[in-house]
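Enquirer: Following this message is one structure expressed as structure tokens.
2 protein chains.
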Amino acid sequence: MSDTRPIGVFDSGIGGLTVVRALTIRLPHENIAYFGDTARVPYGSKSPQVVRDYAAQDTDVLLKHDVKMIVIACNTVSAVALDVVQKRARVPVVGVIIPGAETAVRASKKKRVGVIGTASTIASNAYANAIRQLDSAVQTFSRACPLFVPLVEEGWTEHAATGIIAKEYLFPLMQEKIDTLVLGCTHYPLLKNVINSVFHNSVMLVDSGEATAAAVARVLEEHKLRNKSTLKPNIQCWVSDVPQKFTEVGERFFGQKLGRVQRAAGFTA
Amino acid sequence: MSDTRPIGVFDSGIGGLTVVRALTIRLPHENIAYFGDTARVPYGSKSPQVVRDYAAQDTDVLLKHDVKMIVIACNTVSAVALDVVQKRARVPVVGVIIPGAETAVRASKKKRVGVIGTASTIASNAYANAIRQLDSAVQTFSRACPLFVPLVEEGWTEHAATGIIAKEYLFPLMQEKIDTLVLGCTHYPLLKNVINSVFHNSVMLVDSGEATAAAVARVLEEHKLRNKSTLKPNIQCWVSDVPQKFTEVGERFFGQKLGRVQRAAGFTA
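Protein chains in written order, with my numbering: chain E, 4 to 272; chain P, 4 to 272.
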């Protein structure tokens, strides 16, 4: 048995493509249907109420494309609206928080884990709660880094200003002597070099996208949803704003050329 | 005759409060109804198509509150959707671009004007076009500054990183020896100190909000819409996300305590 239906992936915008990148490395023959809510991005500065409302609509976009499971490739949605998506979808749902938390707990020798993310993700305490449930001996230290997303979107991943800002954001976590840091936002893997240099490469960075790809592989096995084909997969993207900017910038996040990007119906006139 | 109906003001979020601040200084007895689309902010990185769609909906929110005129306190909307608002509203409409352009043309002795704004505002060329129409001898030099809004929202208006970023953004305009700079985004007046220090106070900064308040006063006179009352005015705000963050951060933009902030209906479930 082979299930050729696509894996559905959604995010507030373009950042979730780093999760798609991890998925295509781990599961190179799975078809993927991606939705990015580029007309309303970002979610990380908005209230949980609004994010839950948007998450429900995003889920509906993917369900229309007959997806066999849903990956919430957005830390903010995974943090505040996992239950909304699970309740709405009739297929398995994987968020990025629990896989990221599991990887961090396994990685931390000193049981001191830092978590960085958007204001909403950090305010939700979702990573800290997930980590405590896995191992109550692990201490977490969290910090919202609201400027990281705009810096990445500006392409300033190696800029001097980014270094100064990273130092300021991460200094309190350095003082806490963490040995593991969860990159709790899909944009942050693009800042790995800057973050590593602040910590002098002494901290293990946990990319939730990679952890999530492994969790997705497990779910596909368990539910017998694997696509056994060895053909090149079909990776299709939908966005709520016009596709142009997403197509232009998306490559940096996806790591290769994007295929067809279309505008999703029903978001704007 | 006295018209006590409120002046309607809208923006993509919180930045338009700098325009409200200028209005309350110029017209201290006018009632104001403000709408900030905080559930979909920002507009400056979105396509003109989406911004035009949102502008129509924002206009409808204000019209429901029986406003006597509409002020588009958002440079991006003024740049790409002035006609949408004018067509929809049955009351006079003032955007921030033309008043800002007029002030810049009057101020520039060397006829060399810089314009900074969001990606969408700069891509629209709205300021450059308006300035050319007023005086074809004036040369304009434009630069998008996408990090300025998130820096202001982070409260880093005097931060070292902001200085470095401002220098990088503004360097090309310095090289062009401008003598006047249009702050083409409602967040930018909060960066006046940083910008002045980059230019060693040698450039006249044009705050479109102040120019717009003067234009609004003229329109009220012309259309006999002035409120002749000398009572303390009623300044009411509506937002599309929950009011909490707007209320907390709004004071920095408005310069004084905000009154009642309510959630507008019809934007989310």
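For glycine and all other residues, C-beta sits at the position ideal for the given N, C-alpha and C.
Remember, predicted model here, so these are calculated numbers, not experimental data.
Which two residues bound the contiguous beta strand (DSSP E) that contains Asp210(E)?
Expert: Unbroken beta strand (DSSP E) run through Asp210(E): 207-210.
Enquirer: Expressed to the nearest angstrom, what Euclidean distance is found between the alpha-carbon atoms of Pro4(P) and Leu234(P)?
Expert: The question names Pro, yet the displayed sequence has Met at residue 4(P). Their backbone Cα atoms lie some 16 Å apart in a straight line.
Enquirer: Pick out the complete beta strand (DSSP E) segments inside the region 26-79 of chain E, 3 residues or longer, and give them in chain order.
Expert: List check, beta strand (DSSP E) in window: 35-39, 72-75.
Enquirer: Going along the chain, which residues of its own chain have a beta-carbon closer than 8 Å to the beta-carbon of Ala267(P), five neighbours each way excluded?
Expert: Cβ neighbours of Ala267(P) beyond the five flanking positions: Phe38, Val64, Trp241, Val242, Ser243.
Enquirer: Quick one: using the 10 Å Cβ neighbour count with 16 as the cut-off for buried, is Arg43(P) buried or exposed?
Expert: Answer is buried; the Cβ neighbour count reaches 16.
Enquirer: Residue range of the alpha helix (DSSP H) that Ser200(E) falls in?
Expert: Start and end: 195-201.
Enquirer: Would DSSP call Gln259(P) helix, strand or coil?
Expert: DSSP places Gln259(P) in coil when its eight states are reduced to three.
Enquirer: If you follow the beta strand (DSSP E) that Val141(P) is part of, which residue opens it and which one closes it?
Expert: Looking at the DSSP string, Val141(P) is not in any beta strand (DSSP E), and its letter there is neither H nor E.
Enquirer: Count the other CB atoms within 10 Å of the CB of Glu213(E); is the residue buried (16 or more) or exposed (fewer)?
Expert: Buried.
Enquirer: In chain order, what residues of the same chain have a beta carbon less than 7 Å from the beta carbon of Glu254(E), not counting five sequence neighbours either side?
Expert: If we look at Glu254(E) and ignore the five residues flanking it on each side, its Cβ neighbours are Lys260, Leu261.
Enquirer: With distance defined between alpha-carbon atoms, name the residue in Arg135(E), Val94(E), Val70(E), Val74(E) nearest to Ala217(E).
Expert: Taking only the C-alpha atoms, the option nearest Ala217(E) is Val74(E).
Enquirer: Could you tell me which whole beta strand (DSSP E) segments of length 3 or greater appear in the region 99-137 of chain E?
Expert: Here the runs fully enclosed are 115-120.
Enquirer: Would Phe270(E) pass as a contact of Leu20(E) if the rule is Cβ separation under 7 Å?
Expert: Result no, Cβ atoms of Phe270(E) and Leu20(E) do not sit closer than 7 Å.
Enquirer: Exposed or buried, Ser15(P), counting other C-beta atoms within 10 Å across all chains shown (16 or more means buried)?
Expert: Counting Cβ neighbours within 10 Å, Ser15(P) comes out buried, since at least 16 surround it.
Enquirer: Report yes or no: do three or more beta-carbon pairs, one from the region 165-174 of chain E and one from the region 90-106 of chain E, lie closer than 8 Å?
Expert: Too few Cβ pairs lie closer than 8 Å, so no.
Enquirer: Glu156(E): which of Ile198(E), Ile35(E), Pro45(E) sits nearest, CA to CA?
Expert: Here the closest residue by C-alpha is Pro45(E).
Enquirer: Please classify Leu150(E): does DSSP put it in a helix, a strand, or coil?
Expert: Three-state DSSP puts Leu150(E) in coil, outside helix and strand.
Enquirer: Just the C-alpha distance for Lys67(P) and Trp159(P), rounded to the nearest angstrom, thanks.
Expert: Straight-line Cα distance between these residues: approximately 36 Å.
Enquirer: Please look up how many angstroms separate the CB atoms of Arg146(P) and Ile119(P), rounded, as I've assumed it's under 8 Å.
Expert: Contact holds; Cβ gap of about 5 Å.
Enquirer: How would you call Asn204(P), buried or exposed, if buried means at least 16 neighbouring beta carbons within 10 angstroms?
Expert: Counting Cβ neighbours within 10 Å, Asn204(P) comes out exposed, since fewer than 16 surround it.
Enquirer: Taking the alpha helix (DSSP H) that Phe174(P) falls in, what are its first and last residues?
Expert: Segment 163-178, the alpha helix (DSSP H) holding Phe174(P).
Enquirer: Is it buried or exposed for Ser139(E), if we count other Cβ within 10 angstroms and need 16 for buried?
Expert: The residue in question, Ser139(E), is exposed, as its Cβ has fewer than 16 Cβ neighbours within 10 Å.
Enquirer: Alpha carbon to alpha carbon, how far is Gly18(E) from Thr7(P)?
Expert: In a straight line, the C-alpha of Gly18(E) is about 48 Å away from that of Thr7(P).
Enquirer: So Thr271(E) contacts chain P; which residues on that side make the cut at Cβ distance below 8 Å?
Expert: Those within 8 Å of Thr271(E) in chain P are Gln52, Val53, Asp56, Tyr57.
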